[in-house]
Ligand SMILES: NC(=O)c1ccc[n+]([C@@H]2O[C@H](COP(=O)([O-])OP(=O)(O)OC[C@H]3O[C@@H](n4cnc5c(N)ncnc54)[C@H](O)[C@@H]3O)[C@@H](O)[C@H]2O)c1
C-alpha cells in the first residue's frame, strides 16, 4: 500500500458517517476534507473525525493534487454529476449505491466509468465486504447446500427518521435502493442469471411520492428454475424485520444478524447450517462488522495498486441496478418480465 491516500468525503449524513468513522484513524488515510451542502454538518464531521478542512462545495477539492480518493455519499440523484467531475479530475471514487435515479443516468454512469479506466470506481455494495456474507458465499460455492432452489430475503425498516427516508424515497423506492444489494447477493451466491422478475407493491402511509411504493416484494426466477424473493419496506407502521435464508437440495443456510439474535449477541452473527443429508445442524458464530467500510475502501486501494477490478465489477453493479429497475417496472405494470440472459442487460 502506498504510504498515504488523501481522501475527501462528500455527504456528511447517515452513510457518510459510517464511512468516515471506520476509516479516519487508519494511518494509510489522510482525510483532506469533508463536504456537505449543510456547512454545519461538514464542520461537525471535520472536528469529530480530524479532517484537515471542511466546506460546502466539493469542486475546490478536485483541483488538489493531495486528493487521491473521493467518497460520494450523497443522494442518488447527485451521484452521476459528482462522479463525472471526479473522473474528469483524475480521482478514484468510492460511490454509494444505487448508482443513479433513472435508467438513462445509470447507463451514463456505467459508460463514464468504462471511459475512464485510469480511475478506479468502487460502488458500495457493502455486503460483498461483510464476513458473514463472504462465509455463506464460500459455503454455497463449495456445495454445502447442493443445487439452490429457494432464496428468501426480507429487510423491513420501521422508520424513525422521517425526513431522511422521505428524501431517499424521493429518489427511489426501497426495492431499488436496498434491492440492488440483494439482487447482487443472489447473483454472487448462485453464480446464476436471473431470468425473470415480477412482484407486488403498495403504499403504507403517506411518505412515498405519488405513484411510488414504499413496500415492495420482488420475485425472481433463476436460470436453474430455482426461485428467490426479496421484500423491502420503509414505513412508520412496519416492524424492523430481517430474513436471509438459502435453501438447496442438500441443506439450508440461515443468517441471523447479531442485532436480531435472541441471545448470544456477544458471539456476533449466527450462521445456521442444516445438513439435510446427515440431518445435522451446525452453528457458526461470526463477529462480522455489518458495514465493513474500511474493508471496502481497502478493496478499492488494492484495485488502484494492482490495476485490478473492483469487487463487485461495474458490470455486476449495472446488472443488479437494471434488474432492480425492471422489478419496479414489473410491479407497476403488474406483470412478469422475462430476460434471456441478465448479461444482455449490459
Ligand atoms: N451502502 C449502504 O448500506 C447504504 C445505507 C444507507 C444509505 N445508502 C446510500 O447512501 C446515499 C446517502 O444516503 P444517506 O442515508 O446517508 O442520506 P443522508 O440524508 O443521511 O445524507 C446525505 C447527505 O448528503 C448531502 N448532500 C447531498 N447532495 C450533496 C452535494 N451535492 N454536495 C455535498 N453534500 C450533499 C446532504 O446534505 C446530506 O447531509 C444514498 O444513495 C443511499 O441509498 C447506502
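In this note's numbering, the protein residues as written are 51 to 396. The C-beta atom is built at its ideal place from N, Cα and C for all residues, glycine as well.
In terms of residue numbering, what span does the beta strand (DSSP E) encompassing residue i cover?
i           : result
residue 294 : 291-298
residue 268 : 265-272
residue 105 : 103-105
residue 225 : Careful: residue 225 lies outside any beta strand (DSSP E), inside the alpha helix (DSSP H) at 224-227.
residue 244 : 244-252
With a threshold of 7 Å on Cβ separation, who are the neighbours of residue i within its own chain once the five nearest residues in sequence on each side are excluded?
i           : result
residue 145 : 122, 129, 133, 171, 173, 174
residue 378 : 223, 225, 226
residue 112 : 135, 136, 139, 141
residue 166 : 137
residue 126 : 148, 150, 151, 221, 222
residue 360 : 170, 171, 172, 349, 350, 353
residue 263 : 223, 251, 252, 253, 381
Pull the bridge partners of residue i from the DSSP assignment, please.
i           : result
residue 55  : 79
residue 325 : 301, 330
residue 119 : 57, 142
residue 203 : 280, 294
residue 173 : 145
residue 336 : 319
residue 208 : 285
residue 306 : 320
Which stretch, first to last residue, makes up the alpha helix (DSSP H) that contains residue i?
i           : result
residue 109 : 109-112
residue 345 : 343-356
residue 68  : 64-73
residue 126 : No alpha helix (DSSP H) holds residue 126; DSSP gives it neither H nor E.
residue 369 : 364-383
residue 217 : 212-221
residue 97  : 89-99
residue 391 : Element bounds for residue 391: n/a, residue is neither H nor E.
residue 86  : Element bounds for residue 86: n/a, residue is neither H nor E.
residue 153 : 153-165
residue 194 : Note, residue 194: premise wrong, no alpha helix (DSSP H); not H, not E.
With distance defined between alpha-carbon atoms, name the residue in the options nearest to residue i.
i           : options            : result
residue 78  : 118, 277, 253      : 118
residue 333 : 321, 342, 275, 248 : 321
residue 240 : 395, 277, 326, 265 : 277
residue 305 : 54, 204, 166, 151  : 204
residue 338 : 111, 152, 155, 180 : 180
residue 287 : 256, 96, 369, 395  : 256
residue 60  : 76, 95, 53         : 95
residue 198 : 236, 65, 221       : 236
residue 293 : 149, 102, 201      : 201
residue 252 : 115, 285, 126      : 285
residue 366 : 312, 299, 259, 160 : 160
residue 217 : 299, 151, 68       : 151
residue 289 : 206, 318, 342      : 206
residue 315 : 359, 335, 213, 351 : 335
residue 231 : 176, 302, 108      : 176
residue 92  : 109, 114, 116, 63  : 63
residue 381 : 238, 86, 211, 250  : 250
residue 295 : 87, 186, 107, 124  : 186
Please list, in chain order, all residues of the same chain as residue i whose beta carbon is under 8 Å from its beta carbon, the five residues on each side excluded.
i           : result
residue 99  : 70, 71, 74, 81, 84
residue 345 : 179, 339
residue 54  : 77, 78, 79, 80
residue 259 : 219, 220
residue 68  : 341, 343
Note down, in chain order, each residue of its chain lying with its Cβ closer than 6 Å to the Cβ of residue i, except the 5 sequence neighbours on either side.
i           : result
residue 120 : 58, 136, 141, 143
residue 281 : 204, 267
residue 375 : 153
residue 391 : 243
residue 372 : 395
residue 327 : 300
residue 245 : 271, 273, 389
I want to check one thing, is the minimum distance from the CB of residue i to the heavy atoms of ligand 3 below 7 Å?
i          : result
residue 87 : As for ligand 3, it is missing from this structure, which binds only ligand 1.
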